[in-house]
Amino acid sequence: MTAFTEGKLQFNFPTALSHEKFDDAATHFLSHRMKAVDFIIELPDQIIFLEVKDPQHPAATPDATLKFEGDLRSGVLIKESLRPKCCDSLLYKLVTQDIDPHKPIYYYVLIALDTLSDPELVNLTDKLKTRLPIVEDRGAVQAKFTAAGKPARFIQGCMIFNLATWNRMNVRFAASVHRIP
Amino acid sequence: MIESITLENFTAFKHLPLQFSPGVNLFVGTNGTGKTHLLKLLYTTLNSQRESRKKEAFEHELIQVFLPYKNRIGRLAHRLPGSVTCDVRITRNGQPLTFQFTNHSVDHVTKYQTEWPDDVGSAVYIPVKEMLADAPGFRSLYEERVIHMEKVYFDIVSKAFLPILRGPTSRDRKNLLEMIEIIMDGQVKQENEHFFLKNPSGNLEFSLLAEGIRKFGLLWLLIQNGTLLEGATLFWDEPEANINPSMIAILVQVLLHLQSQGVQIFIATHSYIVLKEFDLQRTAENHVRYFSLARDDNADIVAISGDTYLDIVPNNIGAAYTAIYDKEVERSLGL
Numbered sequence: 030m031t032a033f034t035e036g037k038l039q040f041n042f043p044t045a046l047s048h049e050k051f052d053d054a055a056t057h058f059l060s061h062r063m064k065a066v067d068f069i070i071e072l073p074d075q076i077i078f079l080e081v082k083d084p085q086h087p088a089a090t091p092d093a094t095l096k097f098e099g100d101l102r103s104g105v106l107i108k109e110s111l112r113p114k115c116c117d118s119l120l121y122k123l124v125t126q127d128i129d130p131h132k133p134i135y136y137y138v139l140i141a142l143d144t145l146s147d148p149e150l151v152n153l154t155d156k157l158k159t160r161l162p163i164v165e166d167r168g169a170v171q172a173k174f175t176a177a178g179k180p181a182r183f184i185q186g187c188m189i190f191n192l193a194t195w196n197r198m199n200v201r202f203a204a205s206v207h208r209i210p
Numbered sequence: 051m052i053e054s055i056t057l058e059n060f061t062a063f064k065h066l067p068l069q070f071s072p073g074v075n076l077f078v079g080t081n082g083t084g085k086t087h088l089l090k091l092l093y094t095t096l097n098s099q100r101e102s103r104k105k106e107a108f109e110h111e112l113i114q115v116f117l118p119y120k121n122r123i124g125r126l127a128h129r130l131p132g133s134v135t136c137d138v139r140i141t142r143n144g145q146p147l148t149f150q151f152t153n154h155s156v157d158h159v160t161k162y163q164t165e166w167p168d169d170v171g172s173a174v175y176i177p178v179k180e181m182l183a184d185a186p187g188f189r190s191l192y193e194e195r196v197i198h199m200e201k202v203y204f205d206i207v208s209k210a211f212l213p214i215l216r217g218p219t220s221r222d223r224k225n226l227l228e229m230i231e232i233i234m235d236g237q238v239k240q241e242n243e244h245f246f247l248k249n250p251s252g253n254l255e256f257s258l259l260a261e262g263i264r265k266f267g268l269l270w271l272l273i274q275n276g277t278l279l280e281g282a283t284l285f286w287d288e289p290e291a292n293i294n295p296s297m298i299a300i301l302v303q304v305l306l307h308l309q310s311q312g313v314q315i316f317i318a319t320h321s322y323i324v325l326k327e328f329d330l331q332r333t334a335e336n337h338v339r340y341f342s343l344a345r346d347d348n349a350d351i352v353a354i355s356g357d358t359y360l361d362i363v364p365n366n367i368g369a370a371y372t373a374i375y376d377k378e379v380e381r382s383l384g385l
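Protein chains in written order, with this note's numbering: chain A, 30 to 210; chain B, 51 to 385.
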């Protein structure tokens, strides 16, 4: 069981082998140059890059929440935050060779915003995908690298969740999140 | 304003009471839950009030709008074994309109009573299929020949041909017309029963125009000729049909403006974007109510209503997107 908190959100990954608080200047030696996802979690069969956004944090001002929603819907959040965090984290981990070379890497983004509906989450996920070095599960691109003898490490898949969809899918990837008082 | 309806054994409905909003009423539900029937029934009751012989006018409307087999009104009764009596009560401005018929009725209703005034404002029904491109000669064809076509198509074409109302055009109406002109990139002109979109490039006949733009053209005509004014009632079946989702926001903006100007609106829709745009664009001055029609455990149609998008329960449109989301998770994360 791996459990950790980010602000007022508590995560539980029962099957995780380890987790690392990655967006941390004390351990990320290039945090002044590169962006970083909040956590990197290792499961038996995959690596998860986890980015957490909590615009409904109890301390968030209404103006800040409103600005966040604006940035989210305009694409600014994806362009200036979600994309570079994933790409820089991937680069950092590959350059430092500090990641299991055999496990696929997935990018999970949790946006704790109740008003985000399922159609909006699908649309935002599609937008994020177009900005990531991603190899979807159909594997045609991955197969080319494998055939060329150059096994590649791209992002295998990504998904944006809110609290409700994360916990709805919880039965499938055995990880829950809830808000703590 | 139409305030309420109670349906007993009318078409798909066994027993259904509804309280309407004076503003926008949005109906959702899977196919076959009676949304269009509801809109058509309300339309026929309003549209027959101008006639002096209201009962006969209503019977004619009912038959010509619903087109039951062999013009038998009794076929509009809820299908149950044995004798079935259909009983309908509609309240408008506190005044009732009631009628009955049975599954054995031929071309008459019974106990027709109305306290409604002759002038109930104009009633407009916009059907799913756009008709302006087919307008040339259509009115003559419909009036002179027996063709099996719902009267709503004749009515909407006739209303599109109405000349401009006397008197000055208000600032509000001008603003609405300008909003639609930006979307259409022009104004609508009529010549020899043909409709054209007129802009600096010339006149483009409606048959060459995208169907979605033609729908905006129809709305423009109805506002311009004063059909959609304060006191009017608009029924629109699937306004999203043929309109690109990117233009739905403007459409909803126009409809909310019409509602603010005193037009009561009834919409049947399958579109998440229509529902959500109403939810996002509505202000404290707008009245919007959602109705979710669904079948209960006995297969009878029931309705749950509420004033926000989240009150739509069950929400089969949202559920379809949830299913897509879950499939996306499955594909993206290999779960």
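C-beta atoms are modelled at their ideal positions from N, C-alpha and C, and glycine is treated no differently.
Is the CB-CB distance between residue i and residue j below 7 Å?
i	j	result
B/T86	B/D287	yes
B/V156	B/R122	yes
A/T154	A/I184	no
A/F40	A/V206	yes
B/R189	B/T56	no
B/M234	B/I263	yes
B/V174	B/V115	no
A/Y135	A/G99	no
A/H48	A/F33	yes
A/D67	A/L79	yes
A/K158	A/Q75	no
B/S257	B/T141	no
B/T207	B/A185	The residue you asked about is not Thr; residue 207 of chain B is Val in the sequence shown. Contact flag set, yes.
B/V134	B/A291	no
B/L308	B/L271	no
A/P84	A/L139	no
B/E280	B/Q314	no
Residue i to residue j, Cα distance in whole Å?
i	j	result
A/Q171	B/D350	53 Å
B/N59	B/L112	15 Å
A/H61	A/A54	8 Å
B/A373	A/N199	15 Å
B/P72	B/L284	12 Å
A/P148	B/A369	10 Å
B/E109	B/E200	14 Å
B/G187	B/E255	15 Å
B/P131	B/R125	13 Å
B/I197	B/S172	25 Å
A/W195	A/L38	12 Å
A/R197	B/Q240	55 Å
B/G217	B/R332	30 Å
B/L88	B/Q237	33 Å
A/L120	B/G252	57 Å
B/Y93	B/R100	13 Å
Counting only the same chain and skipping the five closest in sequence on each side, list residues whose C-beta sits under 7 Å from that of residue i.
i	result
B/G84	T61, A62, F63, L343, I351
B/P213	N275
B/I273	R223, L226, L227
Quick one: is residue i buried, meaning 16 or more other Cβ sit within 10 Å of its Cβ, or exposed?
i	result
A/M30	exposed
B/Q76	A quick correction: the sequence has Leu, not Gln, at residue 76 of chain B. Answer is buried; the Cβ neighbour count reaches 16.
B/K209	buried
B/H128	buried
B/G82	exposed
A/Y137	buried
B/P295	exposed
B/Y340	buried
A/D92	exposed
B/G79	buried
Please name the residue or residues paired with residue i in a DSSP beta bridge.
i	result
B/D137	B/E58, B/Q150
B/M297	Bridge partners of B/M297: none, in fact.
B/G356	B/Y340
A/R208	A/L38
B/I75	One point to set straight first is that residue 75 of chain B is Asn, not Ile, in the sequence displayed. Bridge partners of B/N75: B/F316, B/R339.
B/Q163	B/T148
B/D287	B/A318
A/C115	In the DSSP output, where bridge partners are listed per residue, A/C115 has none listed.
B/K239	B/F246
Among the residues of its own chain, which have a CB less than 6 Å from the CB of residue i, if the five just before and after it don't count?
i	result
B/G144	none
B/E180	E261, R264, K265
B/K90	V115
B/A299	E327
A/L46	E71
Between which residues of its own chain and residue i is the CB-CB distance below 8 Å, once the five residues before and five after are set aside?
i	result
B/Q69	E53, S54, S355
A/D129	E71, I76
A/L161	R112, C115, C116, Y136, I184, C187
B/S98	K104, A107, F108, H110, E111
A/N191	L139, I140, A141, L142, D143, L145, L150
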